[in-house]
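Right, one structure below, let's go through it.
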């Protein structure tokens, strides 16, 4: 079967971690209507969101989620090494100390620590949102991708991969549905979804029934050019 570049990693977080995040979400009282692009459009996305990145009270949760993402990303890069190789033309020293282009075999030969270090040099984590979709009403029915050119800083164009950790299950439907791949990802508590961010992986979040749906979601982003290449 041809690769569709959609990967799901079970048990990225354990059930207790997921339950704790849901409890903190609810007890915080800080959820605001979810935004798409530059505004709140509930006909496109109906959710309650909390952006936890950069907030001291959520630092432990942000760290745990980014570590889960990095473990999944390392596995993703092993399966799809050109996620890393194709956009960047990276170099590494050969045995004689001369620079040469990074190749697929080099990625395969790296241990997880080395590959994780390289990934952190090339990529950075996006802001993490915790999101709640109410049973029967919440959802993100609009077909969309993750690239968005309206941001003057171009940060949204640095999104390379999307990721989602499903914090609960026990409801009907509520899948992440990919249009062109004709694939629905069923939420399972603690599982991590990784997929490309571009229009090729246009997707939507189907409405849950019989229970609220909770997720943590963000992006794997390229470092900015001045970080990768210098001024």
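In UniProt numbering, the protein residues as written are 1 to 231. Each residue gets a CB set at the ideal place from its N, CA and C atoms; glycine is no exception.
Of 27, 59, 58 and 80, the smallest CA-CA separation from residue 161 is found for 80. Looking from the CA of residue 51, the closest CA among 104, 127, 120 and 185 belongs to 127. Comparing alpha-carbon positions, the option among 187, 140 and 75 lying closest to residue 35 turns out to be 140. Inclusion of residue 5 and residue 130 in the CB contact set at 8 Å is not warranted, their separation being larger than that value.
Looking at the DSSP output, residue 15 shares a beta bridge with no other residue. If you draw a straight line from the Cα of residue 70 to the Cα of residue 135, it is about 31 Å long. For residue 215 against residue 73, the beta-carbon gap comes to about 18 Å, at or over 8 Å, which does not count as contact. Residue 218 sits in a strand when the DSSP states are folded into three classes.
Distance from residue 197 to residue 146 at the Cβ level is roughly 4 Å; contact confirmed, criterion being Cβ atoms closer than 8 Å. When secondary structure is reduced to three states using DSSP, residue 56 falls in the helix class. Between the segment 204-221 and the segment 105-118, the count of Cβ pairs shorter than 8 Å is below three; the stretches do not touch.
Our two residues, residue 123 and residue 87, have alpha carbons roughly 12 Å apart in a direct line.
By the neighbour-count criterion, in which a residue is buried when 16 or more other Cβ atoms sit within 10 angstroms of its Cβ, residue 82 is exposed. For residue 191 against residue 12, the beta-carbon gap comes to about 6 Å, under 8 Å, which counts as contact.
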